[in-house]
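Chains as they are written, first to last, in my numbering: chain C, 2 to 264; chain R, 387 to 454.
By construction, the Cβ of each residue, glycine as well, lies at the ideal position given by its N, Cα and C atoms.
Bear in mind that the values here come from a model prediction, so they are computed numbers and not experimental data.
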């Protein structure tokens, strides 16, 4: 595998991680995820509806764990305790699977992370053997603290969850990327393909998104666009962009040999 | 007398004795991929048969759903 994404010692060819929420139905979920090329997909953990028909399709039948790396999240948790309980249930649900997405929210309006609770939950989860990928603020100090605790990836937000506002503070993301020795993923806020490409051009290791695909007019087509954008942005990062020269134009064509000149 | 169980926040009554396996059958979710927490502790799938529920137990029964 050329240039794999390595998380907790496991290699992935795709640098796009996708959520499974907000799709019209499981058919569209599956089609969009196939088009995205994602190998890691997030799921939420929720109470079963009592009296639910046992024959109803199950998300994990549509996205079998044998084929995808399932990343259970703690979306909707506002305390470290609830997040830890949710992921213990997820580990049981997924037969001992250790890779998880921790997010502890601060308020329902912004869905900004509550970082003190996030740090506390991360400590407990790492001690219990979980491999923690963690949604966090785009604060380099918080990111270092999470790395020191033993998280396997930090996932700062680009902008508010589900906002589609793109990357609001590329400088912070760059500082986090420059300092971290673990993968840095942009999680939350991506709106369109160029946002994903910019995240990758900043040197981020991968991008995680859900709404940008699911809320597009044509989710399957947007999934493909995101796949190409992440690949393009990664290639550009690896290629090393030309320096910006804001004060001086430089022609691409030779300055010599122009017609009509006399020597 | 029936025992009272709080399942996913709602109280329900069952004639004793009832195991976790029995409860899963009563709920009609046998064979589905679920996980169960009893009074804050995970009940491993391998222990459903031997775990007998007691009056006042609080259970959380969860599945994976779409999310980001």
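Reduced DSSP secondary structure (H/G/I, E/B, other) of residue 188 (chain C): Note: residue 188 (chain C) maps to strand in three-state DSSP.
Whole-number beta carbon distance between residue 235 (chain C) and residue 210 (chain C), since they are thought to touch under 8 angstroms: About 15 angstroms separates the beta carbon of residue 210 (chain C) from that of residue 235 (chain C), a gap too long to meet the 8 angstroms contact definition.
Which listed residue (C:251, C:78, C:191, C:256) has its alpha carbon closest to that of residue 19 (chain C): For residue 19 (chain C), the closest of C:251, C:78, C:191, C:256 by C-alpha to C-alpha distance is C:191.
Listed by chain order, chain C residues near residue 420 (chain R) by CB distance under 8 angstroms: What residue 420 (chain R) touches in chain C, judged by beta-carbon distance under 8 angstroms, is 49, 94, going in chain order.
Proximity winner among C:116, C:28, C:246, C:227, relative to residue 80 (chain C) (alpha-carbon distances): With distances taken between CA atoms, residue 80 (chain C) lies nearest to C:116 out of C:116, C:28, C:246, C:227.
Segment contact, 8 angstroms Cβ cut-off, at least three pairs: the segment 225-233 of chain C with the segment 32-39 of chain C: The count of Cβ pairs closer than 8 angstroms, one atom from the segment 225-233 of chain C and one from the segment 32-39 of chain C, reaches three, so the stretches are in contact.
Test: residue 451 (chain R) CB closer than 7 angstroms to a CB of chain C: Output row for residue 451 (chain R): interface = yes.
Any C-beta of chain R under 7 angstroms from that of residue 224 (chain C): No, residue 224 (chain C) lies away from the interface with chain R (no Cβ there is under 7 angstroms from its Cβ).
Rounded straight-line distance, which links the Cα of residue 157 (chain C) to that of residue 185 (chain C): In this structure, the alpha-carbon of residue 185 (chain C) lies about 8 angstroms from that of residue 157 (chain C).
Beta carbon of residue 435 (chain R) nearer than 7 angstroms to that of residue 390 (chain R): The Cβ atoms of residue 435 (chain R) and residue 390 (chain R) lie no closer than 7 angstroms to each other.
Opening and closing residue of the beta strand (DSSP E) in which residue 400 (chain R) lies: Note, residue 400 (chain R): beta strand (DSSP E), 396-400.
Interface residues of the segment 7-38 of chain C facing chain R [CB-CB below 9 angstroms]: Cβ contacts with chain R: 19, 20, 21, 22, 23, 24, 27, 30.
Residue of C:12, C:89, C:167 minimising C-alpha distance to residue 424 (chain R): Looking at the Cα atoms, C:89 is the closest of the given residues.
Exposure of residue 387 (chain R), with buried meaning 16 or more beta-carbon neighbours within 10 Å: Under the 10 Å beta carbon count, residue 387 (chain R) is surrounded by fewer than 16 other beta carbons and is classified as exposed.
Neighbour flag for residue 387 (chain R) against chain C, beta carbons, 7 angstroms: Closer than 7 angstroms: no.
Contact belief for residue 59 (chain C) with residue 398 (chain R) at Cβ below 8 angstroms, rounded distance in angstroms: Not confirmed; about 23 angstroms, so no contact.
Residue 46 (chain C): contacting residues in chain R (beta-carbon distance under 9 angstroms): Residues of chain R whose Cβ lies closer than 9 angstroms to the Cβ of residue 46 (chain C) are, in chain order, 421, 448, 449, 450, 451, 453.
Runs of alpha helix (DSSP H) lying entirely within the segment 173-247 of chain C, each at least 4 residues, in chain order: You should have 194-202, 212-215, 220-240.
For residue 164 (chain C), three-class secondary structure by DSSP: Coil at residue 164 (chain C), not helix or strand.
Beta-carbon proximity of residue 106 (chain C) to residue 139 (chain C), cut-off 7 angstroms: Against a cut-off of 7 angstroms, the Cβ pair of residue 139 (chain C) and residue 106 (chain C) comes out as no contact.
For residue 46 (chain C) and residue 448 (chain R), believed in contact at Cβ under 8 angstroms, the rounded distance: The beta-carbon separation of residue 448 (chain R) and residue 46 (chain C), rounded to 5 angstroms, stays under the 8 angstroms limit for a contact.
Closer than 8 angstroms at the beta carbon, the chain C residues around residue 430 (chain R): 93, listed in chain order.
For residue 1 (chain C), the three-state DSSP class (helix, strand or coil): One cannot answer for residue 1 (chain C) here, as it falls past the ends of chain C, which runs 2 to 264.
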